[in-house]
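Contents: one structure, followed by commentary.
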Amino acid sequence: MQYRLDAPLDELLDMARQRFSVEFEQLAVGDIRLEILQVQNMREYLDQLIPTLREDALKAMPLWAKIWPASIMLGHFLRHLSAEGKSLLEIGAGCGVSGLIAAAHGFSEVFITDINEDALLFARINALRNDLGDRVTVCRMDIAETRLNRTFDYIAGAEVLYLESLHRALVKCLRHHLAPGPSSEALLAKDYRRKAKKFFKLAEREFQMQERTVGTKITEADSVGADDAATPQTTRSLFTIHRLRAK
Numbered sequence: 231m232q233y234r235l236d237a238p239l240d241e242l243l244d245m246a247r248q249r250f251s252v253e254f255e256q257l258a259v260g261d262i263r264l265e266i267l268q269v270q271n272m273r274e275y276l277d278q279l280i281p282t283l284r285e286d287a288l289k290a291m292p293l294w295a296k297i298w299p300a301s302i303m304l305g306h307f308l309r310h311l312s313a314e315g316k317s318l319l320e321i322g323a324g325c326g327v328s329g330l331i332a333a334a335h336g337f338s339e340v341f342i343t344d345i346n347e348d349a350l351l352f353a354r355i356n357a358l359r360n361d362l363g364d365r366v367t368v369c370r371m372d373i374a375e376t377r378l379n380r381t382f383d384y385i386a387g388a389e390v391l392y393l394e395s396l397h398r399a400l401v402k403c404l405r406h407h408l409a410p411g412p413s414s415e416a417l418l419a420k421d422y423r424r425k426a427k428k429f430f431k432l433a434e435r436e437f438q439m440q441e442r443t444v445g446t447k448i449t450e451a452d453s454v455g456a457d458d459a460a461t462p463q464t465t466r467s468l469f470t471i472h473r474l475r476a477k
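Numbering (this note's numbering), first residue to last: 231 to 477.
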């Protein structure tokens, strides 16, 4: 379903509520406070979705609906960058957490992109709910096919390396959209356990790369779609932030 993303916030919320039971949840990243729209009836939604899945099941799963810990870690990292007058493109954004943090931090122009129409709806709602609509643009982007007619000072992506079939296309996408100059860079955050060797082998031809491993405690329910009564679990997790600059 394609939504009219230029509609007012109340109309966008009505669109979301036609498909999901939703509530805004608080998210704190340093001194930044956001309200992020979350699906409350995920288990019911999955029960309806699973029988319809066929070959491309992974792409059809609502991975966009979860606030991935890597997106929060990436947001923490973005908060330490100089943002004034800078532009940022978030790819595979889901509900847009990293891009929203960047906008709240002071990036002048943020593009939040995803291939999934529901993800774009939620991201636009989140931008308006947090009074960031003046600096956030939400638009559809297929990493393998879409080319925006512009470049960005920064490109950000959290957990975008899980599909090996997209690794070559992702390298090309980053190269096309990254602004020229030594200060421009792509920032990719992933679970430390996800190696993505093919991507980095391809990327080393085009980019100078650095990485930093960070650990944190994550508190969340057992899984996406967990019952409201689920006891939150606290786990220690490791993430890697990869920094890519064009050669």
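Idealized CB from N, CA, C, for every residue including glycine.
Model, not experiment: these values are computed from the prediction.
Following the DSSP letters along the chain, one finds R359 inside the alpha helix (DSSP H) bounded by residues 347–359. Straight-line measurement puts the Cα of I331 at about 12 angstroms from the Cα of D361. Taking the CA atoms as reference points, G315 sits about 33 angstroms from A246. For K427, the uninterrupted alpha helix (DSSP H) run begins and ends at 427–433, by DSSP. In the structure shown, E394 falls within a helical segment according to DSSP collapsed to helix, strand and coil. A direct Cα-to-Cα measurement between R309 and H335 gives close to 6 angstroms. Three or more Cβ pairs closer than 8 angstroms define a contact, and the segment 369–377 falls short of that threshold against the segment 301–308.
At least 8 angstroms separates the beta-carbon of E434 from that of R473. Looking at the DSSP output, V340 shares a beta bridge with L318, V366. As the crow flies, the alpha-carbon of Y422 is around 17 angstroms from that of H397.
Taken through DSSP and simplified to helix, strand or coil, D421 comes out as strand. Nearest to A357 by alpha-carbon distance, out of I266, V259, I471, H406, is I266. For F254, the enclosing beta strand (DSSP E) has its first and last residue at 252–259. The beta-bridge partner set that DSSP reports for H472 consists of L418, E441. With contacts defined as CB atoms closer than 8 angstroms, F437 and R475 qualify as a contacting pair. According to the DSSP assignment, E265 belongs to the beta strand (DSSP E) that extends over 262–269. In the DSSP assignment, T446 is bridged to S467.
For A388, the enclosing beta strand (DSSP E) starts and ends at 384–388. The beta carbons of I342 and A323 sit closer together than 8 angstroms.
A straight-line Cα-Cα distance of about 7 angstroms links R359 and L239. With a cutoff of 8 angstroms on beta-carbon distance, W298 and A388 are scored as near each other.
Annotation for P299: the continuous alpha helix (DSSP H) segment containing it runs 299–308. Where G329 is concerned, the enclosing alpha helix (DSSP H) starts and stops at 327–335. Ranked by Cα distance from N346, the first of F382, L318, L293, V366 is L293. By the neighbour-count criterion, in which a residue is buried when 16 or more other Cβ atoms sit within 10 angstroms of its Cβ, T446 is exposed.
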